[in-house]
Amino acid sequence: MNQALPKLTVKDYASDQEVRWCPGCGDYAILKTIQKLMPTFEQPKENQVFISGIGCSSRFPYYMNTFGFHTIHGRAPAIATGVKLANPELDVWVITGDGDGFSIGGNHMLHVLRRNVDLQILLFNNEIYGLTKGQYSPTSQTGTRSPSSPTGSIDLPLSPCEVALGSGGTFIARTIDTEAKHLSAVVTRGHDHRGASFIEILQNCPIYNDGIFDQVKDKKIAADFKVELVHGEPVVFGKEREQGISLNHDTLKLELVDATSDDVLIHDETNKILATMLATMKGPDFPVAVGVIYREDKSSYVDDSQQQLISVRAAKGSMQELLHSGHTWHVE
Amino acid sequence: MELAEENLDEHHLDEKEVVDVVVRFAGDSGDGMQLTGTNFTEATALYGNDLSTFPDFPAEIRAPIGATFGVSAFQIYFGAEDVTTAGDALDVLVAMNPAALTTNVGNLVEGGLLIVDSGAFTAKNLSKAKYQVNPLEDGSLEKFRVLEIDITKQVLAAVAEFNLGHKTGVRSKNMWTLGLVLWLFDRDRAGTIERLKTKFASKPEIASANIAALNAGHAYGETAELPAGIHVYKVPKAKVAPGTYRNMTGTNALAWGLIAGSELANIDLLFASYPITPASNLLHELVRHREFNINTFQAEDEIAAVCAAIGASFAGSLGVTSSAGPGIALKAEGIALACATELPLVVVNTQRGGPSTGLPTKTEQSDLNMALYGRHGDTPMPVIASSSPVDCFDVAIEAVRLATKYMTPVMLLSDGYLANAAEPWKIPDMSEFEPFPVEHYTKAEDFKPSIRNSETLARVWPKPGTAGLEHRIGGIERSFDTGDISYDPANHQKMTDLRQAKIASIANDIPLQEVCLGNDSGKLAVVGWGSTFGAIHQAVKRARAEGLDASHIHVRYLSPLPRNLGELLKRFDSILVPEMNTGQFVNLIRSEYLIDAQALNKVAGQPFKIGEILAAIHANLADTGGKS
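From first to last, the protein sequence lines are chains B and A.
Residue 6 is where the first sequence starts when you use this note's numbering, and the numbers rise one by one after that.
Residue 0 is where the second sequence starts when you use this note's numbering, and the numbers rise one by one after that.
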């Protein structure tokens, strides 16, 4: 099929709709990167489907010149599951945010990950509700001042990657809105993964939560506040890559060590225990981990459903036979 | 109108031949009464009687033994004439313990036959049923023909040779009882024996013990000295149209109707649902038939179920979801999305007693208002209801037709009674159904997702995977012209009007309302919808036999209503609307047609009795004389 495909470019993926995010929104950068990335998959464009819930991020499908469905709040994973079950050939993308994916839609996120439905989930995490004008979200830091928490929020935030791991997710990654190269690389790996790929994108909201990710985004200081995970490579960071992360075998906790230490962890993206520790690292004591945190091969729900269908459809159903199956009697 | 009941004068257990009989098997929820009932039903169908059944079981799976709230019952009405309800009063009651007796004996007619397992009338069981004195000994049952048998003892003797032990042995009590009742009505045991062999294929000794118990019960009837007035009753065969028949429950008819609908539409179907009583059996039945182009999805909740169904429809399959009242409430936002995006969707509501958890295993028609109005925004959708177990087949096909032809969600109303009740079904010939194949839009030239059929007003159905048709839809209001997001005030008015007009136009694509019994004008029309059909039909039939001027009108299409309904109703002096709710359809008729229709309401978790509707007909016609 591929040889017949026309060569697509970024332009082919931009829809004719005017983009309506606020100036400076991190969503612009993500949109541009994804539009550039899509042609590299060399897939028929008509097979690519973007499905979203409600919120700023969920406007994303309108701007992609693919099939798209802007649905209802929190339910994109459930709708995407139905799409994929109806047509497993489709390349399905779920676009969601921290409120959409982990507040109103938390249940569906849990189950789409648990079932390992073969699709990509891009979670735009800006730690705030943007479209409803700035209330705190389930990922907002405690103490966030917002219209609904003028004296500071008292909710304890969740870590999306940690929850995704706990839900049985088989591909868990984190990246940053403006880091086009890293974002592309992580999303490409997620796309290659058979099963549900969960990708948290740290995304700046310049209006309601500006600068919360500056430490990991500001080129001058970011090296000291984030660690890029690469499978099989030492977990080191810092401007001079002088610091490392190791596992203290007595306390079973991570700790910072000198990058030259023999104890520096080698990232193993198939180790779920370490992945959970790395996913939950945060400041001020630890850097934030980005990259592919965890990956495992497991059967996907849609594949297994198809397998069952192939087996039960070895003999096609006949309505007339069904109607006459079991006990019947004849009246003359 | 006040709900009153008249006794129907039609019980003749004195005669050797009777026209019709109502039998109720009642016991503990673990006593196997449902299995007894279904086997008796099969034998009765084979014998050639018309019949209708009503399983009536508690919400508790295994209530404490002997408790009144744990009584599980199975009622069957069979006879020589057409039978459309499970019957009013009982001619025969089988009570396997004191709890089953106390909860059901009030419905047994004077002179009726009472079969009791005296072995279960222990002090402990009597106390659980709140009997101070053993009713078998205090003369309180004198007005009935009582057949007291220590069934436990009889069964243990019958299965002794299989060395199963007491606990396993007594579990065949239901088969012993079935054997006796099969004898009582001259029914064949062969079918039950075959089913027992199949059911216990891997445990042949259990199969043999059950068959031995069945035969022993039958032999008991033949050989024991029974009290005077208890003998074999002959119920003449019903005159039924020639053809091949099967027994069918409403749930299975609905499931098979969905399969047939998907075949006629030539489309894949995804059935997505979340378990809830009494709707779950639909999922159980459909998952067994994925050899057709259907797939099933047990979602994580009701919302996910409707959403997965909508996703399937977006992808070009037909999404179907199902639930009972509380679950349908959760689906409301999703249904409105299907309406806004104009995607086909079938929503099955197997109604149960409400509000909230209400009476999960009991029947009611109280979700009509929710079906008609229970969504945010101006969100019209077709609503249709099935009238009998086998009618669920046709109604399911019709729901698929309307959803795919008009690109709209369709609400199909069934209820707990229809779901579980069974009746004989003359198996239809599929070649007699007109196919309505779906055509997905494929033309890339000048494509817009807003293109619609000028006649049906239905939007085109382009499915992902079709080159050149890439487009976006969503819950935000869409431009009539382009399908893109539009906040334009005039456009919203236009789209709202369009959604209304599209659903309203379906009135031109459904049959005109007919009178199903009686004249098309006159003194009284009894107007019903849904599962009240059977009871209304029998009541009107009896009223007409008395010479009363009453007609029966049964409405399948509740939205939009048949376009002649108002004019038809206005030809009657009086309209009576029996409903298992507080008056939802009667209010619709009153507001729609400005007719002073009278309500007859019953919200007891049980279907109407024929006598209740007949009493209302009599009361209604009393003032006017009523004779035609």
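We treat Cβ as the ideally placed atom computed from N, Cα and C, and that holds for glycine.
Under the criterion of beta carbons closer than 8 Å, B/Gln53 and B/Phe72 qualify as touching, at roughly 7 Å.
A/Glu16 is bridged by DSSP to A/Lys233. For A/Glu578, the uninterrupted beta strand (DSSP E) segment begins and ends at Phe571 to Glu578. At least one C-beta of chain B is nearer than 8 Å to the C-beta of A/Phe296. Taking C-beta atoms under 8 Å as the contact rule, A/Ala237 and A/Gly65 fail to qualify, at a distance of about 38 Å. By the criterion of a C-beta distance shorter than 6 Å, B/Met282 is surrounded in its chain by Leu259, once the five residues flanking it on both sides are discounted. Taking C-beta atoms as the reference points, A/Ser365 and A/Gln583 count as a pair closer than 8 Å. A distance of 8 Å or more separates the beta carbons of A/Val21 and A/Tyr232. Identification of chain B residues near A/Ser207 by a Cβ-Cβ cut-off of 9 Å yields none; the smallest Cβ-Cβ distance measures about 22 Å. When only Cα atoms are considered, B/Val297 and B/Cys166 end up about 11 Å apart. The Cβ of A/Thr67 sits no closer than 8 Å to any Cβ of chain B. Here A/Gly546 is exposed, its C-beta having fewer than 16 other C-beta atoms within 10 Å. Closer than 7 Å at the C-beta level to chain A, one finds these residues of the stretch 65–84 of chain B: Pro66, Tyr67, Asn70, Thr71, Phe72, Gly73, Phe74, His75, Thr76, Ile77, Arg80, Ala83 and Ile84.
For A/Val409, the nearest beta carbon of chain B is not closer than 8 Å to its own beta carbon. Contacts with chain A at 8 Å (Cβ-Cβ) include B/Glu51.
With three or more CB-CB distances shorter than 8 Å, the stretch 445–456 of chain A counts as touching the stretch 464–475 of chain A. For A/Ile148, no chain B residue has a Cβ inside 9 Å of its Cβ, as the nearest lies near 29 Å away. Annotated three-state conformation of A/Met0 is coil, per DSSP. Shown here, B/Lys222 sits in a helix according to DSSP, grouped into three states.
Restricting attention to beta strand (DSSP E) runs no shorter than 3 residues, the stretch 481–550 of chain A encloses them at 521–527, ordered along the chain. At least one CB atom of chain B sits nearer than 8 Å to the CB of A/Cys306. Taken in chain order, the complete beta strand (DSSP E) segments of 3 or more residues contained in the stretch 306–390 of chain A are 317–322, 344–350 and 382–384. Comparing alpha-carbon positions, the option among A/Ser279, A/Ala618, A/Asp81 and A/Leu177 lying closest to A/Val115 turns out to be A/Leu177.
Along the stretch 116–136 of chain A, none of the residues has a CB nearer than 7 Å to a CB of chain B. In terms of Cα proximity to A/Val180, the closest of A/Leu195, A/Lys202 and A/Arg23 is A/Arg23. At a C-beta separation below 8 Å, A/His491 has no neighbours in chain B, since its nearest C-beta there lies roughly 17 Å away.
The C-beta of A/Gln537 has 16 or more other C-beta atoms within 10 Å across all chains shown, which makes the residue buried. For A/Trp424, the uninterrupted beta strand (DSSP E) segment begins and ends at Ala421 to Lys425. With a cut-off of 8 Å on Cβ pairs, the stretch 197–209 of chain B is in contact with the stretch 129–145 of chain B, counting three or more such pairs. A residue is called buried once 16 or more other Cβ atoms fall within 10 Å of its Cβ, and A/Arg498 is buried on that count. Interface with chain B (8 Å Cβ-Cβ cutoff): A/Ser316 is included.
Contact between B/Ser164 and B/Thr285 holds, with the beta-carbon distance rounding to 5 Å and staying under 8 Å. A Cβ of chain B is located within less than 8 Å of the beta carbon of A/Phe291.
For a Cβ distance threshold of 9 Å, residue set Ala314, Pro463 and Gly464 of chain A lies close to B/Leu95, ordered along the chain. Distance from the CA atom of A/Gly190 to the CA atom of A/Glu41, rounded to whole angstroms, is 8 Å. The beta-carbon of B/Asn121 is placed no less than 8 Å from the nearest beta-carbon of chain A.
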